[in-house]
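Engineer: In UniProt numbering, the protein residues as written are 1 to 483.
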């Protein structure tokens, strides 16, 4: 049956001509089929499969070494995407080697000086060993297990470690010091000879007189001190004055203290200006002191002359108007005298009665070394060391006016003088930065600030007859007039 089916398939035509022939009834006779052409379609006979299999007693087998020979790792590779064997991972490097390299140079390293591996070390233990090594010269060997400490566990001064019994810098060993022996106290029943706990030590010396060698050294030291102390006594400075103008009197017999009347302002009047204005520019600079100027004062009432005292132990008299010359210089003692109120207590007393009738002492109150009375005599301005200007009532009740506190400047450590404008509309003061600060009296607002001096601006005075003239002095040795 299978042979007949195969022959029918072979006889089936693959072209379209066979279809046409079948339609018209032209059927041809089947062709002869070659048996070899259909041999693969015929079933095998039983028993032929075992006959075709060939038995090989020594087949070719893939050896493990032959499989692994082609797998190598790059020594510079940092990431492996498969799981190699131990032999492959740590196999020696192949290739030409430098015969002149030593073992140390050939050793693997990940940095220029060697191979660094991350390790965790306790901060306290590391610092303890470092300080012990710098102090005693020895420390525990980090490469040795320190659970059982022995002499081989230390590096450095091993003998010193054995002597100190491995004492660390943060540990204190038992001090073996012999106690000083005392003289026996005697019998307690004998009151006169009994010493008890007040007995002296056996090696205690009662005589305080130095030995001969010590006495010689002391004599030499005293002789040197006497030579140093025999300095020539400084001669006291001569008190004198120097007149810088040609004549002390003019042709009319008027001295340099005479109040000028040709400046456009009545300096003898007690009236104050109706309204004052802020100074904006520098008008004049008085120079003559070799050191810092510590204070300035205007002549009472007229204010036509200016007195200045400096750290060079000189007092100078200046003209405020006309040529603004230095009229006279007063030279006195060769030491600087200054008085500062460093306490935190205010003492109030009458002029005729030297007894305090009131004092103020508060924990929050700071030192106030500079005090100024207002032109109307109602208020007292105090420069506080906490960078504030405090106003106290100066009439019936002496108390702090909490609504009048002026801030915004830095005067801590400096007794900067405070002053008022003649019409009581402004408050002026210097500061440690050399600036002239001007506040509004009513609102306590900082209106204007001028860079007046290179160093501390220690004092500021408002001219009592001028509307906008302010005089300042500083530790740079200059006195300036602003308008």
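For every residue, glycine included, the Cβ atom is placed at its ideal position computed from N, Cα and C. If you're wondering where the values come from, they're calculated on a predicted model, not measured in any experiment.
How big is the Cα-Cα spacing for residue 90 and residue 112?
Structural biologist: Residue 90 sits at position 90 when you count from the first residue of the chain shown. Residue 112 sits at position 112 when you count from the first residue of the chain shown. Each residue's alpha carbon lies about 22 Å from the other.
Engineer: At a cut of 8 Å, does the stretch 211 to 231 reach the stretch 286 to 293 through at least three beta carbon pairs?
Structural biologist: The answer is no - the stretch 286 to 293 does not touch the stretch 211 to 231, with fewer than three Cβ pairs under 8 Å.
Engineer: How is residue 196 classed by DSSP in three states: helix, strand or coil?
Structural biologist: Residue 196 sits at position 196 when you count from the first residue of the chain shown. Note: residue 196 maps to helix in three-state DSSP.
Engineer: Between residue 110 and residue 97, what straight-line distance do the alpha-carbon atoms span, to the nearest angstrom?
Structural biologist: Counting from one through the chain shown, the residue named residue 110 turns up at place 110. Counting from one through the chain shown, the residue named residue 97 turns up at place 97. Distance between the alpha carbons of residue 110 and residue 97: 19 Å.
Engineer: Assuming residue 417 and residue 452 are in contact, meaning their beta carbons sit under 8 Å apart, how far apart are those beta carbons, in whole angstroms?
Structural biologist: Your numbering for residue 417 matches position 417 in the chain shown. Your numbering for residue 452 matches position 452 in the chain shown. In fact, because the Cβ distance is near 13 Å, the residues do not count as touching under 8 Å.
Engineer: Would DSSP call residue 134 helix, strand or coil?
Structural biologist: Residue 134 sits at position 134 when you count from the first residue of the chain shown. Helix, per DSSP.
Engineer: Between which two residues does the beta strand (DSSP E) holding residue 308 run?
Structural biologist: As a position in the chain shown, residue 308 is number 308, starting the count at 1. Taken as a continuous stretch (DSSP letters only), the beta strand (DSSP E) holding residue 308 covers 305 to 310.
Engineer: Less than 9 Å between the C-beta atoms of residue 481 and residue 419, yes or no?
Structural biologist: Taking the first residue of the chain shown as 1, we reach residue 481 at position 481. Taking the first residue of the chain shown as 1, we reach residue 419 at position 419. Contact: no.
Engineer: Looking only at its chain, what residues have a beta carbon closer than 6 Å to the beta carbon of residue 138, apart from the 5 residues adjacent to it on each side?
Structural biologist: Sequence index remark: in the chain shown, residue 138 carries index 138 (1-based). Here the set comprises 154, 156, 157, 160 and 161.
Engineer: What are the residues that DSSP puts in a beta bridge with residue 221?
Structural biologist: Translated into positions along the chain shown, residue 221 becomes position 221. Bridge partners of residue 221: none, in fact.
Engineer: Measuring CB atoms only, is the stretch 243 to 254 touching the stretch 266 to 285, in the sense that at least three cross pairs come out at less than 8 Å?
Structural biologist: Cβ pair count under 8 Å is below three, so no.
Engineer: Our contact map puts residue 431 next to residue 473 with C-beta atoms below 8 Å; I'd like the distance itself, whole angstroms only.
Structural biologist: On the chain shown, position 431 is the one that residue 431 refers to. On the chain shown, position 473 is the one that residue 473 refers to. About 13 Å; that fails the 8 Å criterion.
Engineer: Contact defined as beta carbons within less than 8 Å: I believe residue 388 pairs with residue 407. What is the distance between those atoms, to the nearest angstrom?
Structural biologist: Residue numbering aside, residue 388 sits at position 388 when the chain shown is read from its first letter. Residue numbering aside, residue 407 sits at position 407 when the chain shown is read from its first letter. With 8 Å as the limit, residue 388 and residue 407 qualify as a contact, their Cβ atoms being about 6 Å apart.
Engineer: Are at least three pairs of beta-carbons, each pair with one atom in the stretch 251 to 271 and one in the stretch 299 to 311, less than 8 Å apart?
Structural biologist: Yes, since at least three Cβ pairs between the stretch 251 to 271 and the stretch 299 to 311 fall closer than 8 Å, the two stretches touch.
Engineer: Let me check understanding here. Comparing Cα to Cα, which of 377, 382, 376 and 374 lies closest to residue 367?
Structural biologist: Taking the chain shown and counting its residues from 1, one reaches residue 367 at position 367. Selected option, being the one with the closest Cα: 382.
Engineer: Alpha carbon to alpha carbon, what distance is there between residue 122 and residue 78?
Structural biologist: Sequence index remark: in the chain shown, residue 78 carries index 78 (1-based). Sequence index remark: in the chain shown, residue 122 carries index 122 (1-based). Rounded to the nearest angstrom, the two C-alpha atoms are 30 Å apart.
Engineer: Report the start-end ranges of each beta strand (DSSP E) in the stretch 266 to 306 that is 3 residues or longer and not cut off at the edges.
Structural biologist: Within the stretch 266 to 306, the complete beta strand (DSSP E) runs of at least 3 residues are 282 to 287 and 293 to 298.
Engineer: Can you have a look at residue 415 and say buried or exposed, based on whether 16 or more other CB atoms are within 10 angstroms of its CB?
Structural biologist: For the purposes of this step, residue 415 is taken as residue 415 along the chain shown, with counting starting at 1. Label assigned to residue 415: buried.
Engineer: Under 8 Å Cβ to Cβ from residue 335, same chain only, skipping five residues before and after it: list those, please.
Structural biologist: Locating residue 335 in the chain shown gives position 335, where the first residue counts as 1. For residue 335, the predicted structure reports a pLDDT of 49, less than 50, and the residue's modelled location is therefore unreliable. The matter cannot be settled from this model.
Engineer: Please classify residue 419: does DSSP put it in a helix, a strand, or coil?
Structural biologist: Sequence index remark: in the chain shown, residue 419 carries index 419 (1-based). In this structure, residue 419 counts as strand in the three-state DSSP scheme.
Engineer: Buried or exposed: which applies to residue 132, given that a residue is buried once 16 or more other Cβ atoms fall within 10 Å of its Cβ?
Structural biologist: Here residue 132 refers to the residue found at position 132 of the chain shown. It counts as buried.
Engineer: Out of 86, 319 and 264, state which residue places its alpha-carbon closest to the alpha-carbon of residue 296.
Structural biologist: Sequence index remark: in the chain shown, residue 296 carries index 296 (1-based). Minimum Cα distance to residue 296 is reached at 319.
Engineer: From the DSSP output, in three-state form, read off residue 476 for me.
Structural biologist: As a first step, residue 476 is located in the chain shown; it is residue number 476 there, counting from the start. Looking at residue 476 - three-state DSSP - the assignment turns out to be coil, as it is neither helix nor strand.
Engineer: Looking at residue 405 and residue 444, is the spacing between their C-beta atoms short of 9 Å?
Structural biologist: Numbered from 1 along the chain shown, position 444 holds the residue referred to as residue 444. Numbered from 1 along the chain shown, position 405 holds the residue referred to as residue 405. Yes, the Cβ-Cβ distance between residue 444 and residue 405 is below 9 Å.
Engineer: On the DSSP letters alone, give me the boundaries of the alpha helix (DSSP H) that residue 88 sits inside.
Structural biologist: Taking the chain shown and counting its residues from 1, the one referred to as residue 88 is at position 88. From DSSP, the alpha helix (DSSP H) with residue 88 extends over 86 to 89.
Engineer: Between which two residues does the alpha helix (DSSP H) holding residue 60 run?
Structural biologist: Locating residue 60 in the chain shown gives position 60, where the first residue counts as 1. Looking at the DSSP string, residue 60 is not in any alpha helix (DSSP H), and its letter there is neither H nor E.
Engineer: What does the Cβ neighbour count give for residue 392, buried or exposed, with the cut at 16 atoms within 10 Å?
Structural biologist: Position 392 of the chain shown, counted from the first residue, corresponds to residue 392. When all chains shown are included, residue 392 counts as buried.
Engineer: Can you determine whether any heavy atom of the ligand COA sits closer than 8 Å to the C-beta of residue 398, and answer yes or no?
Structural biologist: No copy of the ligand COA appears in this structure; indeed no ligand is present at all.
Engineer: Which term fits residue 102, buried or exposed, when burial requires 16 or more other beta carbons within 10 angstroms of its beta carbon?
Structural biologist: Looking up residue 102 in the chain shown gives position 102. That one is exposed.
Engineer: Going by DSSP in three states, residue 452 sits in which element: helix, strand or coil?
Structural biologist: In the chain shown, the residue the question calls residue 452 occupies position 452. The answer is coil: DSSP assigns residue 452 none of H, G, I, E or B.
Engineer: For residue 484, which of helix, strand or coil comes out of DSSP?
Structural biologist: This structure does not reach residue 484, given that the chain is present from 1 up to 483, and the question cannot be answered.
Engineer: What's the gap between the Cα of residue 471 and the Cα of residue 254?
Structural biologist: As a working note, residue 471 is residue 471 in the chain shown. As a working note, residue 254 is residue 254 in the chain shown. So the two alpha carbons sit approximately 26 Å from each other.
Engineer: May I have the straight-line CA-CA distance separating residue 479 from residue 323, to the nearest angstrom?
Structural biologist: By 1-based counting over the chain shown, the position of residue 479 is 479. By 1-based counting over the chain shown, the position of residue 323 is 323. Those two C-alpha atoms are separated by around 15 Å.
Engineer: Based on the DSSP output, what are the partners of residue 470 in its beta bridges?
Structural biologist: Working through the chain shown from its first residue, we reach residue 470 at position 470. BP columns for residue 470 point to 462 and 482.
Engineer: Judging by CA-CA distance, which residue of 187, 87 and 321 is the nearest neighbour of residue 484?
Structural biologist: Lying before the first or after the last residue shown, residue 484 is absent from the chain, which here runs from 1 to 483.
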